[in-house]
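Q: Structure incoming, see below.
Number of protein chains: 2
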Amino acid sequence: MAKPSLHLEKFLPYRLSVVTNRISGALSRHYADRFGIGIPEWRVIANLGRTPGLTANAVVERSAMDKVTVSRAVAALEAKGLLTRERDAGDKRKSRLTLSTRGQTVYAEIAPLALGFERDLLTALTADETAQLDRIIDKLNGKMDGL
Amino acid sequence: MAKPSLHLEKFLPYRLSVVTNRISGALSRHYADRFGIGIPEWRVIANLGRTPGLTANAVVERSAMDKVTVSRAVAALEAKGLLTRERDAGDKRKSRLTLSTRGQTVYAEIAPLALGFERDLLTALTADETAQLDRIIDKLNGKMDGL
DNA sequence: GCATATTAGTTACAATTGAAACTAAATTCA
DNA sequence: TGAATTTAGTTTCAATTGTAACTAATATGC
Chain A
1 MAKPSLHLEK FLPYRLSVVT NRISGALSRH YADRFGIGIP EWRVIANLGR
51 TPGLTANAVV ERSAMDKVTV SRAVAALEAK GLLTRERDAG DKRKSRLTLS
101 TRGQTVYAEI APLALGFERD LLTALTADET AQLDRIIDKL NGKMDGL
Chain B
148 MAKPSLHLEK FLPYRLSVVT NRISGALSRH YADRFGIGIP EWRVIANLGR
198 TPGLTANAVV ERSAMDKVTV SRAVAALEAK GLLTRERDAG DKRKSRLTLS
248 TRGQTVYAEI APLALGFERD LLTALTADET AQLDRIIDKL NGKMDGL
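Chains as they are written, first to last, in this note's numbering: chain A, 1 to 147; chain B, 148 to 294.
Listed below in structure tokens is the structure:
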């Protein structure tokens, strides 16, 4: 029986994890730190920036973040005055979340930085590779859906 | 001035993060949980399984894990009797790490599971896409090297 | 040769995180 | 209707993690 020979440097889940963590870390240093905002908070802002009035649960569904993580991020953003909650009249369990003026300012400042970072990152790839990567990620996600 | 329009669903760092976390999570459930071994511990085992006698620091360099993470994983594995430390005669700061017989058994059991998971995951991609993904990851890592 | 700097690894501490249990509101169905 | 279930969101608790400070050993430079 041959040795299993699992070489981490060639093991895809590991390789993905390393490169992803490097990218997320750099990105977080780039903007989040500078604005005193963590990644979950930033993701909430990004969602509300594009789609005001979402409930916390809608953010959970869109962002693939944990319920608890979103709950805390929302509380933190509210405490910082970056968003407001408004109880839904029809269903009092829900709150509609909206960026405050200051929240919108933060979004307007960070979003271009994030997009700039992405653009810079993608200079490493050809247009074709970028498209490939997108398709590959979709396929991997599809595979993960089927567990 | 146009809206910044950062759509998370199309933002590469975010997409990478989601798919990677899904994969890592599934993998961890697959093997690590079942053997009572966390991801950092598993990575140390994988390194020592292929290359016995590494120092903790060598594992850090190869695995891109944090120093502290490795230190703790090594301590945990030693406590579980899965590896042994031997002080380096020439440089007493270093310890040579080697899997115990039981550690080798764990490696021999988990490695094929991990490789099988990877193989299954890659059925979602064509051979060509797999090769592309490998190249793309290398390119992104190269870009990150240049910060 | 001795003071200084560097390296290997650990410890202490604080922040982040998620699972599980919980509250409150809404829905189901008998 | 009203008891049982489900859903939105929060809180509690324990585990994981990284930063910074530390110890001990080696290497460097004057």
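Note that CB positions come from ideal geometry on N, CA and C, so glycine has one too. The structure displayed is predicted, hence computed values, not measured ones.
(1) Since valine 70 (chain A) meets chain B, which of its residues come closer than 9 Å, beta carbon to beta carbon?
(2) Any C-beta of chain B sitting closer than 8 Å to the C-beta of arginine 87 (chain A)?
(3) Taking 8 Å as the CB-CB cut-off, is histidine 177 (chain B) touching chain A?
(4) Kindly indicate which three-state DSSP category serine 171 (chain B) falls into: helix, strand or coil?
(5) Given a limit of 7 Å on CB to CB distance, which residues of the stretch 131–142 of chain A reach chain B?
(6) In chain A, which residues lie less than 7 Å from threonine 167 (chain B) when you measure between Cβ atoms?
(7) If I follow the unbroken alpha helix (DSSP H) through threonine 216 (chain B), where does it start and stop?
(8) Any beta-carbon of chain B closer than 8 Å to the one on glutamate 118 (chain A)?
(9) Could you check the C-alpha separation between leucine 113 (chain A) and arginine 22 (chain A) for me, to the nearest Å?
(10) Can you give me the C-alpha to C-alpha distance between glycine 183 (chain B) and glycine 146 (chain A), rounded to a whole angstrom?
(11) Applying a beta-carbon distance threshold of less than 7 Å, which residues of chain A neighbour proline 160 (chain B)?
(12) Does the beta carbon of alanine 73 (chain A) sit closer than 8 Å to a beta carbon anywhere in chain B?
(13) Would you kindly check if the distance between the Cβ of tryptophan 42 (chain A) and the Cβ of alanine 56 (chain A) is under 8 Å?
(14) Along the beta strand (DSSP E) that carries serine 242 (chain B), what are the first and last residues, could you check?
(15) Could you check what DSSP says for leucine 304 (chain B) in three-state terms: helix, strand or coil?
(16) Can a CB atom of chain B be found closer than 8 Å to the CB of alanine 79 (chain A)?
(17) Would you kindly work out how many angstroms separate the C-alpha atoms of isoleucine 136 (chain A) and threonine 130 (chain A), rounded to a whole number?
(18) Just to confirm, is the Cβ distance from phenylalanine 264 (chain B) to histidine 177 (chain B) under 8 Å?
(19) List the whole-angstrom C-beta distance separating leucine 159 (chain B) from leucine 122 (chain A), where the pair is believed to meet the contact cut-off of C-beta under 8 Å.
(20) What residue range does the alpha helix (DSSP H) around glutamate 9 (chain A) cover?
(21) For leucine 97 (chain A) versus tyrosine 107 (chain A), is the C-beta distance shorter than 8 Å?
(22) In chain B, which residues lie less than 9 Å from alanine 46 (chain A) when you measure between Cβ atoms?
(23) I'd like to know whether the C-beta of alanine 271 (chain B) is nearer than 8 Å to at least one C-beta of chain A.
(24) Measure how close the beta-carbons of alanine 271 (chain B) and lysine 67 (chain A) come, nearest whole angstrom, since I'm counting them as under 8 Å.
(25) Quick one: measure Cβ to Cβ for glycine 81 (chain A) and arginine 102 (chain A), integer angstroms, because I've assumed they're closer than 8 Å.
(26) Report the three-state DSSP secondary structure of leucine 121 (chain A) (helix, strand or coil).
(27) For leucine 287 (chain B), name the three-state secondary structure that DSSP assigns.
A: Taking the structure as given:
(1) What valine 70 (chain A) touches in chain B: nothing, since even the nearest Cβ is about 13 Å away.
(2) Closer than 8 Å: no.
(3) Output row for histidine 177 (chain B): interface = no.
(4) In the three-state reduction of the DSSP assignment, serine 171 (chain B) falls in the helix class.
(5) Within the stretch 131–142 of chain A, contact with chain B at the beta-carbon level (separation under 7 Å) is assigned to Gln132, Leu133, Ile136, Ile137, Lys139, Leu140, Asn141, Gly142.
(6) Around threonine 167 (chain B), the beta-carbon contacts reaching into chain A at under 7 Å are Leu16, Ser17, Thr20.
(7) Start and end: 214–226.
(8) The C-beta of glutamate 118 (chain A) comes closer than 8 Å to at least one C-beta of chain B.
(9) Distance between the alpha carbons of leucine 113 (chain A) and arginine 22 (chain A): 17 Å.
(10) Taken atom to atom, the span from the alpha-carbon of glycine 183 (chain B) to that of glycine 146 (chain A) is near 25 Å.
(11) Within 7 Å of the CB of proline 160 (chain B), the CB atoms of chain A belong to Ile23, Ser24, Leu27, Glu118, in sequence order along the chain.
(12) So no, alanine 73 (chain A) is outside the interface.
(13) Remark: C-beta atoms of alanine 56 (chain A) and tryptophan 42 (chain A) do not approach each other more closely than 8 Å.
(14) Where serine 242 (chain B) is concerned, the enclosing beta strand (DSSP E) stretches over 242–246.
(15) Past the edges of chain B, shown from 148 to 294, lies residue 304 (chain B), and the structure says nothing about it.
(16) By this cut-off, alanine 79 (chain A) is not an interface position.
(17) Between isoleucine 136 (chain A) and threonine 130 (chain A), the C-alpha separation is close to 10 Å.
(18) Yes, the pair counts as a contact, with Cβ atoms nearer than the cut-off.
(19) A Cβ-Cβ separation of about 7 Å places leucine 159 (chain B) in contact with leucine 122 (chain A) under the 8 Å criterion.
(20) Per DSSP, glutamate 9 (chain A) lies in no alpha helix (DSSP H) and is assigned neither H nor E.
(21) In this structure, the beta-carbon distance from leucine 97 (chain A) to tyrosine 107 (chain A) does not fall below 8 Å.
(22) The answer, in chain order, is Leu153, His154, Leu155, Phe158, Tyr161.
(23) For alanine 271 (chain B), the answer is yes, since a Cβ of chain A falls inside 8 Å of its Cβ.
(24) That belief does not hold up - the Cβ atoms of alanine 271 (chain B) and lysine 67 (chain A) are roughly 28 Å apart, past 8 Å.
(25) At roughly 6 Å, the Cβ-Cβ gap stays under 8 Å, so glycine 81 (chain A) and arginine 102 (chain A) are in contact.
(26) Here leucine 121 (chain A) sits in helix by DSSP.
(27) Of the three classes helix, strand and coil, the one that applies to leucine 287 (chain B) here is helix, per DSSP.
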